[in-house]
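K.L.:
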Amino acid sequence: MLREINFDGIVGPSHNYAGLSPGNLAATRNAGAVSHPRAAALQGIAKMRANLALGLTQGILLPHPRPDHRWLGALATNYAAAPAHLQAQAMSASAMWAANAATVSPAPDTRDGRCHLTVANLVTMPHRSHEASATLAQLALAFANPAFVVHPPVPAPFGDEGAANHMRLCADHASPGIEVFVYGVSGGPFPARQHREASEAIVRAHGLDPARTLFVQQSEEAIAAGAFHNDVVAVANERTLFAHELAFADKDRVYADLRALMPEVEIVEVPASAVSLADAIGSYLFNAQLVSPPGGEQALIVPGESRDNPAVWAWLQSHIAGNGPIRAVEVVDVRESMANGGGPACLRLRVVADPATVDPRFLVDDGKLDRIADVIRCHWPETIDAAAISETALVNQIERARAALLGCLDLVGLIDS
């Protein structure tokens, strides 16, 4: 009964463009622009509907309380009195990018035969560093069944950004896999957000077999170009690794190690001569969902920006025509998320599990998505000017909107301690 479930983060009502993430070129480029939280959240709902239409199992993760009054209190201030940069960090809706919620090792890979999840600490960026407690509360509820073990974050200063720097290759999702942990050392002017020490701690906590675990260094060139997470330049699914030529510091060693552990691996490398790092990062070609629909061949779910980029789209069409392992390309509109630096892969956390072991309030079908969409249409702000996030009326609307969503899902009082 094990299958891959994609848990998408619902875009929160505080979604705004404050430009808080150095190294994330889209986020910094759009700093100060007017955001559209309602449209952003509805785009995310539409993406989830498209996944359901492919026959995939779909889950959700909820927006965190914003502003984060508890975090501000720990800084001896409140929202009204806080300086503008702290207000922006307390209001960030970045928990929408569920790929950074946790690192997940499915039951077939672990010593005790349970699915292990370690909450990411996200300590590198102040606006994300206070997400872990709310994420832990949600995951502890969603995965309370004994089939799971939910671990607290790795302690600072070792940066851990979750599944965005983790890949798994396997014959199929229910079979034992090869887990690949990608870390950074340097990224030119930008910080490397995933520390090898954090990944090593997760491997120990999850009880993974060292012989089936790889630690891979992300290339400095990729980080400096704006690949702030590995999933901006590489993604894996079952037997397939889909990566840019410049994704890894020593790609030949990575490929050789994978082939030694899994001779049937299919490595799809996109050469820099066909798609530059700039085009790959700007289009989020690799920040895509590479999925295996039931009874079908692998499909790549890409943002509209990939179709809009001539070099990227030409490469994709050539690969499909050439009978490669990726047999279909699905295009989704997540432009609001993209403008803040997160594509389709950023918006979801992959968990291989029996859906019957997951709290059903965190799983969705079309009917539940209809109810969620109604709440979004009624309560989410239509626009937010990043320069106006201190306004009391906006704060009140954001807090009421999230409360309405929790009420719709019967989660009031259960994920906010």
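To get my numbering, take the position in the sequence shown, counting from 1, and add 700. A virtual CB, placed ideally from N, CA and C, is assigned to each residue, including glycine. This one's a predicted model, so the numbers in the text were calculated from it and none came from an experiment.
#1: Taking Cβ to Cβ, would you say Gly862 is nearer than 9 angstroms to Val819?
#2: The beta strand (DSSP E) with Gln998 in it runs from where to where?
#3: What's the C-alpha gap between Ala980 and His929?
#4: What residue does the beta strand (DSSP E) around Thr803 start on, and which one ends it?
#5: Check whether the stretch 1053–1066 touches the stretch 1074–1094, counting contact only when three or more Cβ pairs, one atom from each stretch, lie closer than 8 angstroms.
#6: According to DSSP, simplified to helix, strand and coil, what is Met867?
#7: Rounded to a whole number of angstroms, what is the C-alpha to C-alpha distance between Ser805 and Gly813?
#8: Go through its chain and collect everything with a Cβ distance to Leu908's Cβ below 7 angstroms, but skip five positions before and after it.
#9: With distance defined between alpha-carbon atoms, name the residue in Pro846, Ala840, Ala837 and Phe858 nearest to Met825.
#10: Grouping DSSP H, G and I as helix and E and B as strand, with all else coil, what is Asn778?
#11: How would you label Glu997, buried or exposed, when you count the other beta carbons within 10 angstroms and need 16 or more for buried?
#12: Is the separation between the beta-carbon of Phe848 and that of Ala1053 shorter than 9 angstroms?
#13: Please report the Cβ distance between Gly982 and Trp797, rounded to the nearest whole angstrom; I am assuming they are in contact, meaning their Cβ atoms lie under 8 angstroms.
#14: To which residues of the same chain is Val850 closer than 6 angstroms at the C-beta, ignoring the five residues directly before and after it?
#15: Which residues does DSSP pair with Gln758 in a beta bridge?
#16: Would you tell me roughly how many angstroms separate the C-alpha atoms of Met874 and Gly744, rounded to the nearest one?
#17: Give me the residue from Leu1114, Pro1060 and Gly1107 with the minimum Cα distance to Asn845.
#18: Pull up the DSSP beta-bridge partners for Ser735, would you.
#19: Could you give the DSSP three-state label for Ile967: helix, strand or coil?
#20: Where does Leu1047 fall in DSSP's three states?
#21: Look at the alpha carbon of Glu969 and the alpha carbon of His785, and state the distance between them as a whole number of angstroms.
#22: Mind checking whether Ala949 and Ala974 have CB atoms under 9 angstroms apart?
#23: So the candidates are Leu822, Pro855, Glu897 and Asp931; which of them puts its Cα closest to the Cα of Arg868?
#24: Any heavy atom of the ligand FMN closer than 8 angstroms to the CB of Ser829?
P.N.:
By the coordinates alone:
#1: Here residue 862 refers to the residue found at position 162 when the sequence shown is read from its first residue. Here residue 819 refers to the residue found at position 119 when the sequence shown is read from its first residue. In this structure, Val819 lies closer than 9 angstroms to Gly862 by Cβ.
#2: As a working note, residue 998 is residue 298 in the sequence shown. Judged by DSSP secondary structure, Gln998 falls within the beta strand (DSSP E) whose first and last residues are Gln998 to Pro1003.
#3: Your numbering for residue 980 matches position 280 in the sequence shown. Your numbering for residue 929 matches position 229 in the sequence shown. Straight-line Cα distance between these residues: approximately 13 angstroms.
#4: For this step, residue 803 is matched to residue 103 along the sequence shown. First-last of the beta strand (DSSP E) with Thr803: Ala802 to Ser805.
#5: Fewer than three Cβ pairs drawn from the stretch 1053–1066 and the stretch 1074–1094 lie within less than 8 angstroms of each other, which leaves the two stretches out of contact.
#6: Here the question's residue 867 lines up with position 167 in the sequence shown. Residue state, collapsed to three classes: strand.
#7: For this step, residue 805 is matched to residue 105 along the sequence shown. For this step, residue 813 is matched to residue 113 along the sequence shown. About 10 angstroms.
#8: In the sequence shown, the residue the question calls residue 908 occupies position 208. These residues qualify, in order along the chain: Ser805, Asp809, Thr810 and Glu879.
#9: The count along the sequence shown starts at 1 and reaches residue 825 at position 125. Per the Cα distances, Phe858.
#10: Within the sequence shown, the letter at position 78 stands for residue 778. Note: Asn778 maps to coil in three-state DSSP.
#11: Locating residue 997 in the sequence shown gives position 297, counting from the first residue. Exposed, since its Cβ has fewer than 16 Cβ neighbours within 10 Å.
#12: Counted from its first residue, the sequence shown places residue 848 at position 148. Counted from its first residue, the sequence shown places residue 1053 at position 353. Cβ distance < 9 angstroms, so Phe848 and Ala1053 count as in contact.
#13: As a first step, residue 982 must be located in the sequence shown, where it is residue number 282. As a first step, residue 797 must be located in the sequence shown, where it is residue number 97. Not a contact, Cβ separation roughly 18 angstroms.
#14: The count along the sequence shown starts at 1 and reaches residue 850 at position 150. Closer than 6 angstroms at Cβ, skipping near neighbours: Leu817, Leu839, Ala840 and Phe843.
#15: As a working note, residue 758 is residue 58 in the sequence shown. Asn706.
#16: Here residue 874 refers to the residue found at position 174 when the sequence shown is read from its first residue. Here residue 744 refers to the residue found at position 44 when the sequence shown is read from its first residue. The question names Met, but residue 874 in the sequence shown is Ala. Those two C-alpha atoms are separated by around 27 angstroms.
#17: Position 145 of the sequence shown, counted from the start, is the residue given in the question as residue 845. Per the Cα distances, Pro1060.
#18: Counting from 1 along the sequence shown, the entry for residue 735 is found at position 35. For Ser735, which the question treats as bridged, DSSP gives the partners Ile1084.
#19: For this step, residue 967 is matched to residue 267 along the sequence shown. Judged by DSSP in its simplified three-state form, Ile967 adopts strand.
#20: The sequence position of residue 1047 within the sequence shown is 347, counting from 1. Three-state DSSP puts Leu1047 in coil, outside helix and strand.
#21: The residue you call residue 969 lines up with position 269 of the sequence shown. The residue you call residue 785 lines up with position 85 of the sequence shown. If you take the alpha carbons of Glu969 and His785, they lie about 40 angstroms apart.
#22: In the sequence shown, residue 949 corresponds to position 249, counting from 1. In the sequence shown, residue 974 corresponds to position 274, counting from 1. The answer is no: Cβ separation not under 9 angstroms.
#23: Taking the first residue of the sequence shown as position 1, residue 868 is located at position 168. Measuring from the Cα of Arg868, the nearest candidate turns out to be Asp931.
#24: Judged by which ligands are present, the structure shown has none, so any question about the ligand FMN falls away.
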